[in-house]
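Everything below concerns the one structure shown next.
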Amino acid sequence: MGRLLSWATIGTEGGFWLPSQGSEGAAEVDRIFGFVFWVSAFFFLLIVALMVLFVIRYRRRPGREDAEPSPRHNTPLEITWTTIPILIVIAIFIWGFKVYLDINTPPANAYEVLVTGQKWKWLFTYPNGHVDENLHVPVATPIRLVMTSEDVIHGFYIPAFRLKRDVVPGRYVKLWFQATKPGEYQIYCTQYCGTGHSDMWAKAVVHEPGGFERWLEDASNFLAKMSPAEAGERLYGTRGCAQCHSVDGKGGTGPTFKAMFGHQVPLDGGKATVADENYIRESILEPQAKIVAGFQPVMPTFQGRLKDQEITAIIEYLKTLK
Amino acid sequence: MKEGGKKSMASTDVAVGGGPAGVAENALGKDNYLTHGRGLRSWLLTLDHKRIGVMYLVSILSSFLLGGIFALLIRTKLLSPGTSALMTADQYNQSFTLHGAIMIFLFIIPGIPAALGNFVLPLMLGAKDVAFPRLNLASYYMWVTGALLALVSITTGAVDTGWTFYTPYSTTTNTNVIAMVAGVFVLGFSSIFTGLNFVVTIHKLRPRGMSWFRMPLFLWGIYGTAIIQIMATPVLGITLLLLIAERALGVGIFDPALGGDPVLFQHFFWFYSHPAVYIMILPAMGVISELVSVFSRKHIFGYKFIALSSIAIAVISFLVWGHHMFVAGQSNLASMIFSALTFMVAIPSAVKVFNWIATMYKGSIWLATPMLYVLSFLFLFGIGGLTGLFLGALAVDVHLHDTYFVVAHFHYVMFGGTVIAFLGGLHYWWPKMFGRMYSELWGRVGALLVFVGFNTTFFTQFVMGSKGAPRRSYHYVAEFQPYHQLSTIGSYVLAVGFVIIAINFLHSLFRGRPAPANPWGGATLEWQTSSPPPHDNFAVSPAAGDPYDVEDWRYDREIGGFVRKPRVGSAAAS
Numbered sequence: 003m004g005r006l007l008s009w010a011t012i013g014t015e016g017g018f019w020l021p022s023q024g025s026e027g028a029a030e031v032d033r034i035f036g037f038v039f040w041v042s043a044f045f046f047l048l049i050v051a052l053m054v055l056f057v058i059r060y061r062r063r064p065g066r067e068d069a070e071p072s073p074r075h076n077t078p079l080e081i082t083w084t085t086i087p088i089l090i091v092i093a094i095f096i097w098g099f100k101v102y103l104d105i106n107t108p109p110a111n112a113y114e115v116l117v118t119g120q121k122w123k124w125l126f127t128y129p130n131g132h133v134d135e136n137l138h139v140p141v142a143t144p145i146r147l148v149m150t151s152e153d154v155i156h157g158f159y160i161p162a163f164r165l166k167r168d169v170v171p172g173r174y175v176k177l178w179f180q181a182t183k184p185g186e187y188q189i190y191c192t193q194y195c196g197t198g199h200s201d202m203w204a205k206a207v208v209h210e211p212g213g214f215e216r217w218l219e220d221a222s223n224f225l226a227k228m229s230p231a232e233a234g235e236r237l238y239g240t241r242g243c244a245q246c247h248s249v250d251g252k253g254g255t256g257p258t259f260k261a262m263f264g265h266q267v268p269l270d271g272g273k274a275t276v277a278d279e280n281y282i283r284e285s286i287l288e289p290q291a292k293i294v295a296g297f298q299p300v301m302p303t304f305q306g307r308l309k310d311q312e313i314t315a316i317i318e319y320l321k322t323l324k
Numbered sequence: 005m006k007e008g009g010k011k012s013m014a015s016t017d018v019a020v021g022g023g024p025a026g027v028a029e030n031a032l033g034k035d036n037y038l039t040h041g042r043g044l045r046s047w048l049l050t051l052d053h054k055r056i057g058v059m060y061l062v063s064i065l066s067s068f069l070l071g072g073i074f075a076l077l078i079r080t081k082l083l084s085p086g087t088s089a090l091m092t093a094d095q096y097n098q099s100f101t102l103h104g105a106i107m108i109f110l111f112i113i114p115g116i117p118a119a120l121g122n123f124v125l126p127l128m129l130g131a132k133d134v135a136f137p138r139l140n141l142a143s144y145y146m147w148v149t150g151a152l153l154a155l156v157s158i159t160t161g162a163v164d165t166g167w168t169f170y171t172p173y174s175t176t177t178n179t180n181v182i183a184m185v186a187g188v189f190v191l192g193f194s195s196i197f198t199g200l201n202f203v204v205t206i207h208k209l210r211p212r213g214m215s216w217f218r219m220p221l222f223l224w225g226i227y228g229t230a231i232i233q234i235m236a237t238p239v240l241g242i243t244l245l246l247l248i249a250e251r252a253l254g255v256g257i258f259d260p261a262l263g264g265d266p267v268l269f270q271h272f273f274w275f276y277s278h279p280a281v282y283i284m285i286l287p288a289m290g291v292i293s294e295l296v297s298v299f300s301r302k303h304i305f306g307y308k309f310i311a312l313s314s315i316a317i318a319v320i321s322f323l324v325w326g327h328h329m330f331v332a333g334q335s336n337l338a339s340m341i342f343s344a345l346t347f348m349v350a351i352p353s354a355v356k357v358f359n360w361i362a363t364m365y366k367g368s369i370w371l372a373t374p375m376l377y378v379l380s381f382l383f384l385f386g387i388g389g390l391t392g393l394f395l396g397a398l399a400v401d402v403h404l405h406d407t408y409f410v411v412a413h414f415h416y417v418m419f420g421g422t423v424i425a426f427l428g429g430l431h432y433w434w435p436k437m438f439g440r441m442y443s444e445l446w447g448r449v450g451a452l453l454v455f456v457g458f459n460t461t462f463f464t465q466f467v468m469g470s471k472g473a474p475r476r477s478y479h480y481v482a483e484f485q486p487y488h489q490l491s492t493i494g495s496y497v498l499a500v501g502f503v504i505i506a507i508n509f510l511h512s513l514f515r516g517r518p519a520p521a522n523p524w525g526g527a528t529l530e531w532q533t534s535s536p537p538p539h540d541n542f543a544v545s546p547a548a549g550d551p552y553d554v555e556d557w558r559y560d561r562e563i564g565g566f567v568r569k570p571r572v573g574s575a576a577a578s
């Protein structure tokens with residue numbers, strides 16, 4: 003029986019049906035899942051058993067070509083099989099709603115992380131301003147996610163936490179959870195958003211006590227820890243460059259970065275310039291100064307949003323895109 | 005009732021003459037609706053509901069084939085988790101969008117009502133035609149126009165929005181959304197026309213003796229459907245026009261960049277599209293109600309409860325659209341109300357299932373092909389309905405929403421429910437439509453393969469989904485590959501099943517045994533005319549009796565069909 007139960011649902015390591023549990027809410031959700039599973043299994047087996055029994059017993063065969071006399075209706079029976087399901091679904095409804103409220107109501111002292119969905123990646127912004135492509139959190143601490151989208155609707159989903167919410171442009175939605183076990187958990191996008199929808203993966207990394215603070219300090223100092231080109235690649239991914247500028251030669255809102263550095267760039271108005279360090283620095287800080295021929299002057303300035311050291315790192319990264 | 009008796013007497017006389025034409029009341033080779041008027045023109049401009057039904061049947065089956073090909077392409081890609089040589093991510097996104105849009109709007113919504121319903125409804129009423137034959141033809145051509153617009157979209161930058169057209173993705177993608185949306189808009193009118201026609205027909209053309217509660221349950225199903233078609237479809241029409249306005253003219257309604265609200269689109273869309281799943285399932289339930297009585301050779305059990313549950317479903321179905329938005333950002337209060345109402349809509353469906361099972365009790369269960377589909381329906385719809393309980397429970401839905409669990413649930417209801425009932429109905433009424441019997445052996449083989457293939461394809465998706473696999477995914481994590489592979493193998497078995505069914509039907513048209521007037525012993529009026537029926541349906545308008553007095557119809561070995569021989573004391577059974 004114990005094996006059967008775990009086959010169905012229950013158990014923190016996950017069974018035949020559910021993934022392993024990584025948050026406090028997950029256990030609550032799984033208990034309802036288990037209850038609904040056994041109710042459904044009971045009614046399904048009842049229906050199929052009666053069906054099979056009747057087919058075997060009352061099969062049309064020589065000598066048994068007519069139905070036996072039996073009632074055509076029975077009101078008490080109808081009332082019974084209407085009322086019992088109503089009572090059961092009311093129970094499921096109440097339980098489901100109660101837990102839904104719990105998982106939607108964050109405690110006041112939660113640690114807050116800002117989540118931004120964009121085509122096609124997640125960005126996580128920490129209170130100190132650090133931006134990361136994965137969600138890092140401390141274990142056994144309530145975490146509040148404040149989420150928004152920069153383009154279309156995305157869906158933020160962590161199966162191990164039984165947590166999901168659509169991330170809608172133009173509004174902020176909130177989610178919360180408390181992880182129970184250190185480890186790495188898969189994050190998906192569940193609201194279809196175009197070409198890279200199924201690549202919009204990230205990890206939720208749950209740290210041991212104390213580990214999170216160390217990680218955040220290290221990660222925030224990535225300029226000091228990484229080579230400039232590596233740091234530049236990271237900035238390219240997290241500061242919004244990637245949305246308009248490809249690195250593989252594909253077209254976009256802005257010109258591709260592939261094989262740009264050191265080459266002649268045709269400008270709007272017929273002139274040309276060489277894409278050197280100063281040109282790139284100028285284009286980041288004063289994007290409207292020189293527009294590449296065939297593109298619109300739509301890039302916002304990064305004055306005040308990128309430090310000098312960061313601009314240098316980006317330039318070093320562009321140099322590697324041969 | 006007298007006429008029925010006379011007819012079978014007369015036909016017995018003919019049968020003595022021998023030869024294939026001698027089978028009782030088979031009208032092949034005589035004047036029937038198929039031979040009444042020849043040439044393409046006589047079909048394209050016909051006002052005969054039977055011919056319009058057949059044209060719909062051919063059209064929707066072509067759509068089903070096209071949608072099925074997209075499904076097989078999707079399943080084949082998903083054999084491996086990574087990038088595939090078969091199709092790019094964009095082509096994959098277009099494929100699942102077209103699979104959904106074609107199957108929903110071109111096949112399953114018009115499927116049972118417009119194809120089977122058009123053919124059967126006036127016959128069941130003992131009428132000559134629907135109330136508005138010209139409107140009926142117009143609705144067919146609306147369907148054709150909508151289908152052509154969809155084809156325009158497929159060939160000029162096929163849509164990649166998913167069949168749900170969610171904004172702001174649908175207003176910003178560079179595929180041809182407008183053609184597809186315009187197509188769906190026109191198809192909506194086709195649906196409204198059909199619904200209107202059927203409502204008026206059922207109200208005005210019922211024969212003597214057919215009160216509301218002596219109407220075949222298939223007609224209750226069609227009636228409930230027609231109400232939804234008329235009341236909900238206009239909302240979809242307006243929503244799609246607003247979408248076109250936003251895309252073409254930049255009017256900000258749904259796109260937050262233009263000051264709109266994307267969740268508003270979801271409310272509008274599901275206000276139609278949730279009732280629309282009942283447009284798809286109610287007629288299927290009607291078919292099952294007919295079949296389960298005829299093939300149990302027994303009166304239906306709990307007629308009034310089955311009939312009224314159709315209306316209850318139609319009404320409640322308007323009030324549950326918000327369950328598509330439990331994770332979309334609607335308020336907790338709204339989610340609570342929609343969850344409660346969603347559970348309530350499960351009840352009438354459960355009541356129907358219990359009554360169908362009770363109908364089989366003490367019957368004389370005849371496992372002909374249509375009955376195999378009934379059993380298949382009860383099994384699959386049982387799973388489809390019960391898995392709805394998981395999705396209705398708010399906290400559990402948060403986990404399962406937008407995963408393969410929802411895909412599996414939807415297919416168990418729509419395919420396991422509606423398509424299976426459609427196949428059952430098609431096998432049931434095929435002899436009436438074309439005057440030929442198909443091979444019973446191959447019919448059963450087809451039913452079995454579809455059952456096995458379907459479960460292999462979609463049950464695996466329940467497991468994948470509850471483990472957290474998101475739907476609409478070109479790439480997936482390697483953990484899910486075994487499930488995907490099993491699912492794909494299932495889809496190939498399913499395809500083989502459909503090929504066998506198609507060959508069996510086509511073969512019957514040329515080589516099938518001529519069908520008697522009443523091959524299954526149905527007591528509804530369509531079985532009281534020849535197979536296929538004459539142009540005017542009935543030589544003499546039949547009077548309606550109890551549509552489930554199937555026990556009064558007894559098999560006659562000599563003519564290979566059923567004739568009316570009221571049992572002594574059969575009235576006492578009621």
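Top line first, the protein sequences correspond to chains A and B. So the first sequence is residues 3 to 324, counted in the numbering used here. So the second sequence is residues 5 to 578, counted in the numbering used here. For each residue, glycine too, the CB sits at the ideal point set by N, CA and C. If you're wondering where the values come from, they're calculated on a predicted model, not measured in any experiment.
Membership of B/F409 in the alpha helix (DSSP H) is indicated by the continuous run 408–417. When 7 angstroms is used as the limit between beta carbons, A/C243 is near no residue of chain B, the shortest such separation being about 21 angstroms.
Close to chain B, meaning a Cβ-Cβ distance shorter than 7 angstroms, are the following residues of the region 51–81 of chain A: L52, M53, F56, V57, Y60, R61, R62, R66, E67, D68, A69, E70, P71, S72, R74, H75, E80. Look at A/R167: its C-beta is under 9 angstroms from a C-beta on chain B. Between A/C191 and chain B, the shortest Cβ-Cβ separation is below 9 angstroms.
At least one beta carbon of chain A lies nearer than 9 angstroms to the beta carbon of B/G306. Taking a beta-carbon distance threshold of 9 angstroms, A/C246 does not count as an interface residue toward chain B. Inside the region 468–551 of chain B, DSSP marks whole alpha helix (DSSP H) runs of 4 or more residues at positions 485–515, from first to last along the chain. Unbroken alpha helix (DSSP H) stretches of 4 residues or longer found wholly inside the region 147–203 of chain B: 173–176, given in chain order. Checking the DSSP bridge columns, you'll see A/K166 partnered with A/Y159. Interface criterion met: the Cβ of A/T84 is under 9 angstroms from a Cβ in chain B. The closest CA to that of B/L51, considering only B/E250, B/D540, B/P551, B/A547, is found on B/D540. With a threshold of 9 angstroms between beta carbons, B/T50 makes no contact with chain A. Boundaries of the beta strand (DSSP E) around A/G185: 185–191. Secondary structure at B/M375: helix, using DSSP grouped into helix, strand and coil.
9 angstroms or more divides the Cβ of B/T159 from the Cβ of B/S277. Contact annotation: the region 69–82 of chain B does not touch the region 139–151 of chain B, with fewer than three C-beta pairs closer than 8 angstroms. A straight line joining the alpha-carbon of B/A119 with that of A/V141 spans about 59 angstroms. For B/V567, the nearest beta carbon of chain A is not closer than 9 angstroms to its own beta carbon. In this structure, B/F381 is the residue among B/G367, B/K366, B/F381 with its C-alpha nearest to the C-alpha of B/T373. In terms of Cβ geometry, B/F484 and B/M468 form a close pair [threshold 9 angstroms]. For the options B/S174, B/V349, B/N180, B/F193, the alpha carbon positioned closest to that of B/V267 is the one of B/S174. When the beta-carbon positions are compared, A/V41 and A/I81 stay at least 9 angstroms from each other. Residue B/L379 holds the alpha-carbon nearest to the alpha-carbon of A/L55 among B/L379, B/I563, B/V58. Close partners of B/V62 in chain A (Cβ separation under 8 angstroms) are lacking, with about 33 angstroms as the shortest Cβ gap. The region 293–305 of chain B makes contact with the region 59–77 of chain A, as at least three CB pairs between them are under 8 angstroms. In this structure, B/L110 places its C-beta atom within 9 angstroms of the C-beta atom of B/A154.
Scanning its chain for C-beta atoms nearer than 6 angstroms, with the 5 sequence neighbours on each side dropped, one finds around A/Y159 the residues K166, Y190, T192, in chain order. DSSP lists A/L125, A/T150 as the beta-bridge partner residues of A/T118.
Straight-line spacing of the CA atoms in B/W557 and B/G526 works out to 7 angstroms. A/P144 does not reach chain B, its nearest Cβ partner there being about 17 angstroms away, counting only Cβ pairs nearer than 7 angstroms. For the pair A/G196 and B/V185, the Cα-to-Cα distance works out to about 18 angstroms. Under the DSSP definition of a beta bridge, B/F566 partners with B/Y559.
For A/P230, the enclosing alpha helix (DSSP H) has its first and last residue at 230–240.
The DSSP assignment places complete alpha helix (DSSP H) segments of no fewer than 4 residues inside the region 71–143 of chain B at 93–105, 122–128, in order along the chain. Runs of alpha helix (DSSP H) with 4 or more residues, each lying fully within the region 233–310 of chain B, are found at 266–299, listed in chain order.
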